[in-house]
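J.: Residue numbers (our numbering), protein chains in the order written: chain A, 381 to 836; chain B, 6 to 489. Heads up, the beta-carbon is just placed ideally off N, CA and C, and yes, glycines get one too. Here it is, the structure in full.
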């Protein structure tokens, strides 16, 4: 099999994106594009799984190692599930066919991000992953808040891209090459190396909405349609986490201060994210701040600076992405205020119990995947001697229970409206799949742990 | 496979009842009763085949996450089988006591069954991760039991319960991970008596102490308990007091003492002090209560203090006594909560001044309440005496400061004071207005209480029925403590 064939998943996504744009001209029904997109994305996931680990290709700019394979399978699966939901519910009041295309393109960017072994390819992939995200965030064209949030997101994201690119240019200057392998082998460049690494990571931290570069996230999320947030806050974040891990592996040996940078950002994110999420009454803002907090946990794993820490960072982000997407999809169905969840147990018991599984996983209650995420994360961090940060993290996870339970309290103990959204099978299946994954990845966590620990 | 069946049979029942149509409450309760009864039968079968002379038995071990040395490892010894029996028995009793549940019965019985999964699991898990899974699993159904079927302040009580316990258990998780990093395994049975470094032991013990002490609860971490108990529906109070508090003390006996014996010895004076304070403070607060359920709730703080006293003593008498108090408190407090709940269903009040003269109006209820009260205050011949006597004896023989033991002994007098004063006001005298119209206990209600009465008498009169199970295990633990 030639190297060209190893990237069949990417071709499928690209083909799917173009097909989605025109599908509804062939079959004139809203949702066909998203359904077709879901099909393409699931084929991409399956083919990515079948292709598996492959050596460097195209002069070493792309490589499918164990991490890339795991993450790209998860990315494609998540977007397939997301598109399935979109096929059922759409992006009302806008039509959803462009959204389906953007989702596929962003996923394509994410998959290239995790395979990239070259700064230029990486940068282009990141832009490919984030450009559609701007459009998704501003998808509701005539809503001022949406546009304000999207513009904020766009401007800040462009700025951070440039900061990152500035860092890349120094890395190129030091190593004389844009290839990761060359950068890893370049001699430590002292202050200049630290300078460039910090620039690179500040850019990435901002994209991952880590404190203190998180401030765009709550406004952007709160303006956007919750269905957009469900995608933008999960799939690109997982790709971003994988890239951060990859770059950390390359740069930490030359810049020993980097783990400390991660630790500081982790502390700030965990504290700020959890404490600021507490008073929120909008689910999107709540999830935006809790997203900051979860990035903080991910950084805690990264700050361990060990193989176990790197594996834990990716494991944790996967454990965060699945339930988080499902919760935002439920918010897209039920309404974006915490109070909109009131009476959910009475009108949609299945959805209410689903949210119990999802939110408890985010708190870290077993047997859901979130608890195993915390277990591998704390294990790696304690092994690296980050006891104080781990204690902050566990205390903050109790705080997180406080605000996640506000949603559950509304759903179960508060009376609300009786009429329910119409039943839509694809959407129900999508949420059920994410919930089942949240539960099953916890109870049967062995394979995922094996993949990721073998990867580093 | 027997232990797996005991743990997960209720899960099957929970799933079935949860998926039933909402108006099929009467079917759901029969399923719940059938499942809990079958589970109890399995536990009894297990107990009959159990050999007290052996250590861990009926072990099952399957690799779960081999990279981290996590396994699905189960087993029972004399202490776990005692608690497992209590858990299965009280679960059945909780179901039967809730026979008249009208509000969302299918969900209610599903929650009770799910709770039993977690409780059974905690007492047989021999892997730390598995233990933690079950430990946390009980929080979820209990949160919903209190929050949905509880009293007027149920929302506050349920979230307070959840957050308090979660706070303790996340620190326990840190302790578990620290142990893993030191030993390279999550296997509880493989970690006993490894001679870990003393300072390390001290800190890990601190983490476990937070996790367990919130659950017990030990003063000053007890403040969630009165709220949770008072607001919880009767069956949930029974399981909360009867089983879930014991998970904390079980954790000390199963985990903290054998794995961290050196730290346990160092911490003993501190725990003794907290135990003595819990005993006296809980008793004093119980004395001040005007609400019957609150009185029982605070008396639990006092009784669990005796368990901690026994554990801290590190002597064979103390530890045997600790398990005896755990068992007896589960049975007796279960009885008390059940009778208070039965009276409350009839009078719609739990205020002591409104409920009086039970023995004249409803002699069966009054008589059983008196019996349970005497068992609770530690009357010789009933089960409460065994443990209190042994824990005090153990604490006296141990090296902990004698002053605390004297203070703890005062708690016995206080227990007599608050219990007898309650008996005098509630059971004796002329029936109050609320009591004068009520009818006596039904056959179903008496049937719920009879097994508990029998157990109270059996353990009280024939100590060895319980101690023959616990003593071999206790002997091993005491040897570890002495060697550290």
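Need the endpoints of the alpha helix (DSSP H) that residue 35 of chain B sits in, please.
T.: First-last of the alpha helix (DSSP H) with residue 35 of chain B: 30 to 54.
J.: Given that residue 142 of chain B touches chain A, what residues does it touch there, using C-beta distances under 9 Å?
T.: Within chain A, the residues near residue 142 of chain B are 745, 746 and 747.
J.: Below 9 Å between beta carbons is the criterion; list the residues of the stretch 61 to 82 of chain B that meet it against any residue of chain A, in chain order.
T.: Those would be 68, 69, 70, 71, 72, 73 and 75, in chain order.
J.: Quick check on the burial criterion: 16 or more other C-beta atoms within 10 angstroms. Buried or exposed for residue 386 of chain B?
T.: It is exposed - the Cβ of residue 386 of chain B has fewer than 16 other Cβ atoms within 10 Å.
J.: May I ask you to report which of helix, strand or coil DSSP gives residue 76 of chain B?
T.: It is a strand residue.
J.: On the DSSP bridge list, what partners appear for residue 62 of chain B?
T.: Per DSSP, B:81.
J.: Can you check whether the CB of residue 189 of chain B is closer than 8 Å to the CB of residue 217 of chain B?
T.: No.
J.: Once DSSP output is grouped into helix, strand and coil, what is the label at residue 395 of chain B?
T.: Reduced to three states, the DSSP call for residue 395 of chain B is helix.
J.: What does residue 620 of chain A reach in chain B if we use C-beta pairs closer than 7 Å?
T.: Under the 7 Å cutoff, chain B gives no residues; its nearest Cβ is about 25 Å from residue 620 of chain A.
J.: Distance cutoff 8 Å, beta carbons only. Does residue 759 of chain A sit that close to anything in chain B?
T.: Interface residue, yes.
J.: Indicate whether residue 705 of chain A and residue 514 of chain A have their beta-carbon atoms separated by less than 8 Å.
T.: No. Outside cutoff.
J.: Which residue comes first and which comes last in the alpha helix (DSSP H) that contains residue 141 of chain B?
T.: That run of the alpha helix (DSSP H) goes 133 to 142.
J.: Return the first residue and the last residue of the beta strand (DSSP E) that residue 838 of chain A is part of.
T.: This structure cannot speak to residue 838 of chain A, because chain A is shown only from 381 to 836.
J.: Could you check where the alpha helix (DSSP H) with residue 477 of chain B kicks off and where it finishes?
T.: Its alpha helix (DSSP H) spans residues 469 to 488.
J.: Nearest CA to the CA of residue 162 of chain B: which residue from A:789, A:802, A:608 and A:797?
T.: That would be A:789, whose Cα lies nearest to the Cα of residue 162 of chain B.
J.: Just curious, the beta strand (DSSP E) that residue 436 of chain A is in, first and last residue?
T.: Segment 434 to 437, the beta strand (DSSP E) holding residue 436 of chain A.
J.: Pick out whichever of B:341, B:365, B:240 and B:375 has its Cα sitting closest to the Cα of residue 149 of chain B.
T.: Closest by alpha carbon: B:240.
J.: Suppose the cutoff is 8 Å on Cβ atoms and the five residues either side in sequence are ignored; what does the same chain contact list for residue 62 of chain B look like?
T.: Counting only Cβ-Cβ distances below 8 Å, and skipping sequence neighbours, we find 55, 56, 80, 81 and 82.
J.: Give every residue of the same chain whose Cβ lies closer than 6 Å to the Cβ of residue 234 of chain B, excluding the five residues on either side of it in the sequence, and list them in chain order.
T.: Result list for residue 234 of chain B: 242 and 302, in chain order.
J.: Using the beta-carbon count (16 or more within 10 Å), is residue 571 of chain A buried or exposed?
T.: So residue 571 of chain A ends up on the exposed side.
J.: Identify which residue in A:823, A:566 and A:792 has its Cα closest to the Cα of residue 164 of chain B.
T.: Looking at the Cα atoms, A:792 is the closest of the given residues.
J.: At least one CB of chain B closer than 8 Å to the CB of residue 510 of chain A: is that the case?
T.: Closer than 8 Å: no.
J.: Assuming residue 831 of chain A is part of the alpha helix (DSSP H), what are its boundary residues?
T.: Looking at the DSSP string, the run of the alpha helix (DSSP H) that includes residue 831 of chain A is 826 to 835.
J.: List in chain order: all unbroken alpha helix (DSSP H) runs of 4+ residues lying wholly within the stretch 470 to 495 of chain A.
T.: Counting whole runs of 4 or more residues, the stretch 470 to 495 of chain A contains the alpha helix (DSSP H) stretches 477 to 495.
J.: Which value, in whole angstroms, describes the spacing of the CA atoms of residue 543 of chain A and residue 142 of chain B?
T.: Near 46 Å, if we compare the C-alpha coordinates of residue 142 of chain B and residue 543 of chain A.
J.: Locate the alpha helix (DSSP H) running through residue 220 of chain B, then write down its first and last residues.
T.: Unbroken alpha helix (DSSP H) run through residue 220 of chain B: 203 to 220.
J.: Can you give the Cα-Cα distance for residue 386 of chain A and residue 431 of chain A, rounded to whole angstroms?
T.: One C-alpha to the other measures close to 6 Å.
J.: Run through the DSSP bridge pairs and tell me what residue 681 of chain A is partnered with.
T.: According to DSSP, which records beta bridges pairwise, residue 681 of chain A is partnered with nothing at all.
J.: How about the stretch 697 to 713 of chain A and the stretch 765 to 775 of chain A: do they share at least three Cβ pairs that are nearer than 8 Å?
T.: Flag = no, the stretch 697 to 713 of chain A and the stretch 765 to 775 of chain A do not touch.
J.: Would you tell me roughly how many angstroms separate the C-alpha atoms of residue 191 of chain B and residue 260 of chain B, rounded to the nearest one?
T.: One C-alpha to the other measures close to 12 Å.
J.: Bridge partners for residue 717 of chain A per DSSP, in chain order?
T.: BP columns for residue 717 of chain A point to A:662.
J.: Which residues, taken in chain order from the stretch 675 to 688 of chain A, show a beta carbon closer than 7 Å to some beta carbon of chain B?
T.: Taking 7 Å as the Cβ-Cβ cut-off against chain B, none of the residues of the stretch 675 to 688 of chain A qualify.
J.: Leaving aside the five residues before and after residue 642 of chain A along the sequence, list all residues of the same chain whose C-beta is less than 6 Å from its C-beta, in chain order.
T.: Within the same chain, residue 642 of chain A has close Cβ partners 679, 682 and 683.
J.: Flag this pair as yes or no: are the beta carbons of residue 781 of chain A and residue 743 of chain A separated by less than 8 Å?
T.: Yes, these two residues count as a Cβ contact at 8 Å.
J.: Where does the unbroken alpha helix (DSSP H) through residue 456 of chain B begin, and where does it stop?
T.: First-last of the alpha helix (DSSP H) with residue 456 of chain B: 448 to 466.
J.: Determine whether the Cβ of residue 829 of chain A lies closer than 8 Å to any Cβ atom of chain B.
T.: True, the Cβ-Cβ gap to chain B drops below 8 Å.
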